[in-house]
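Inspection log for the structure reproduced underneath, given as structure tokens.
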Amino acid sequence: MTVRLGEVLAALDARYDPALAESWDAVGLVCGDPAEEVRRVLFAVDPTAAVVDEVIETGTQLLVTHHPLFLSPVHGVPADDPKGRLVHRLVRAGAALFVAHTNADRAPDHGVNAALAGVLGLVDAVPLQPVAHDPRAGLGRVGRLPEAIPLREFAGRAAAALPVTAGGVRAAGDPDRIVGTVAVCGGSGGSLLGAAAAAGADVLLTSDLKHHPVSDALEVPGPALCDVAHYASEWPWLPVAAEVLRGDLGGRAEVAVSTRRTDPWSLRADAPG
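Residue numbers (this note's numbering): 36 to 308.
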């Protein structure tokens, strides 16, 4: 069975409204003809060469990624440019590329942050920074654990729930601090620390936290911090988005999640002993 690319794009836009994207973001169709037929869709976090290899190897007609291929304006896509080469390879293979980035972060119900809250087992999670016109949509999520646990146990639970990465899971704060209310933000969410504190969160789990802001945060009352790999924090959205699109298309196209790990970090070396 097949479906037109234009119909798939409409289904994706209905779930991940482009109006929710940041003004600086680049979401939507990057390359592809809406009139073409789609038999297979592949979801991935990043549009890397390895993922494009998988697109070609599996005969995929549409690649949906969370991270954009292009964020800065471009004036050409020559094949001798690394990113231009990916576009050429996709076009030659008859494959389209679609991006759902900050609109997927803010999306209600089945977005990146809802998926992250879900995989961590949060109950009654709501947006940490809701949008004005829809309280179900917004950045981050804050919810509660079914049972409060120490920070060290929460960090271990996060490590078990998220993809394994070289960076692992780090926590800042008293390891024995009891965690009941949890704030999360997929991707780089350090800017939501104030919102997490205002929401009464015992811990904020996010990515790309820096030394000085973390050090400063520990000097004042507020949430403990849990830092995970950027890729790991956003990966839980992939199977959720794939299942939702499969249902929205009525099973008329195969929908899969990429098997390629796109976390850029490949090694961690610890001192012996």
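Glycine residues also receive a C-beta, built at the ideal position from the N, C-alpha and C atoms.
CA-to-CA, the gap between residue 305 and residue 64 works out to about 42 Å.
Under the three-state reduction of DSSP, residue 78 is assigned to strand. Here residue 157 is buried: its Cβ has 16 or more other Cβ atoms, across all protein chains shown, within 10 Å.
DSSP places residue 226 within a helical segment (H, G or I) once states are collapsed to three. Rounded to the nearest angstrom, the gap between the Cα atoms of residue 46 and residue 284 is 8 Å. At least 8 Å separates the beta-carbon of residue 142 from that of residue 97.
About 5 Å separates the beta carbon of residue 80 from that of residue 297, a gap short enough to meet the 8 Å contact definition. In this structure, DSSP gives residue 296 a state outside helix and strand, which the three-state scheme calls coil. Around the beta carbon of residue 152, a 10 Å sphere encloses 16 or more other beta carbons of the protein chains shown; the residue is thus reported as buried.
A contact between stretches requires three or more CB pairs, one per stretch, nearer than 8 Å, and the region 178-185 meets this requirement with the region 207-224. Assignment of residue 92 by DSSP, reduced to helix, strand and coil, places it in the helix class. In the DSSP assignment, residue 291 forms a beta bridge with 77. The beta carbon of residue 112 lies closer than 6 Å to those of 119 and 122 in the same chain, with the five residues before and after it left out.
DSSP lists 217 as the beta-bridge partner residues of residue 178.
Relative to residue 169, the option among 144, 154 and 93 whose CA is nearest is 144.
If you ignore the 5 residues before and after residue 231, its C-beta comes within less than 6 Å of the C-beta of 218, 239 and 258, all in its own chain and listed in chain order. Residue pairing from DSSP places residue 242 in a beta bridge opposite 223 and 263. Nearest to residue 58 by alpha-carbon distance, out of 268, 78, 71 and 106, is 106.
Within 10 angstroms of the beta-carbon of residue 137 lie 16 or more other beta-carbons, which makes it buried.
Relative to residue 270, the option among 110, 114, 36 and 139 whose CA is nearest is 139.
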